[in-house]
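Below you'll find the structure, written out as structure tokens, and then a few comments.
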Amino acid sequence: AAALKGHPSLLSFCMSDFSLNDDSVSIDGFVVVLSTIPKLQTVKLEVSSLLSSSLFCLANASKQVQVSLSGSSLAVLCASSTLKVLHLCRLTLKLDDITALAQAIESAPAPTHLSLPKCGITDATCSILASAIGKNKTLEKVDLSCNSISDQGCITFATALKGNQTIKFIRLWGNTKIS
């Protein structure tokens, strides 16, 4: 990660299906390094599809790895004036992390696409995100697919977006609690 610090020309960074060897892995330091890249427009972090709720089942099924990413690290990344796309997949974000991310998204200067599929978003955390997204002036696409959002979460989300003039696309596919 240190080799990427301040990279002068990198525009897009994708990391998916990375393997993990420890019981618990925090990728906060890595995300903070990404925030130092001056022209970075796209960040896509996808934990292996072998994960279930951010728990990686290794060859030895008894061993599981918890992948964590704090909202404060995400907030540093979202503050970038060049970041357009933030895609996080299969990272279970806790309430405090969603709150910090929402606060950053509310006033983030550049993002046009926020994608959080399979990140454990519930009605309560959807409400927090919706309030921030409703106030954001740059977001055009929001993907909250395959989370735990119900009809109530959808209503809350729609209500929060009433005054937003930039959102063009919302994806809520795969939220099985929506009737």
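First residue of the sequence shown: 35, per this note's numbering; consecutive thereafter.
Think of the CB as a built atom: it goes at the ideal place given N, C-alpha and C, for glycine as much as any other residue.
With contacts defined as CB atoms closer than 8 Å, residue 74 and residue 120 fail to qualify as a contacting pair. Taking the C-beta atoms as reference points, residue 178 is found no nearer than 8 Å to residue 195. With a cutoff of 8 Å on beta-carbon distance, residue 134 and residue 161 are scored as not near each other. Here the alpha carbons of residue 128 and residue 69 stand approximately 21 Å from one another. In the structure shown, residue 128 adopts coil according to DSSP, grouped into three states. Just so you know, the alpha carbons of residue 169 and residue 141 end up roughly 8 Å apart. Closest in alpha carbon position to residue 101, among 118, 77, 126 and 113, is 126. Within 10 angstroms of the beta-carbon of residue 61 lie 16 or more other beta-carbons, which makes it buried. At the C-beta level, residue 65 and residue 108 come within 8 Å of one another. About 16 Å separates the Cβ atoms of residue 103 and residue 145, ruling out a contact at the 8 Å cut-off.
In the DSSP annotation of this structure, the continuous segment of the alpha helix (DSSP H) that includes residue 112 starts and ends at 105–112. Taking the Cα positions, residue 112 is about 8 Å away from residue 143.
Taking 8 Å as the cut-off, the beta carbon of residue 185 is found no closer than this to the beta carbon of residue 165. If you compare the alpha carbons of 182, 180, 163 and 47 with that of residue 192, the shortest gap goes to 163. Exclusion of the five residues before and after residue 180 leaves 151, 152, 207, 208 and 209 as the residues of its chain whose Cβ lies within less than 8 Å of its Cβ.
Shown here for residue 203: same chain residues with a beta carbon closer than 6 Å to its own, the five before and five after excluded, namely 175 in chain order. Only residues of its own chain outside the window of five on either side were considered, and among them 72 and 73 have a CB closer than 8 Å to the CB of residue 42, listed in chain order. Between residue 77 and residue 124, the C-beta gap is not smaller than 8 Å, which leaves the two residues out of contact. Look at residue 140 here: in three-state DSSP terms it is helix.
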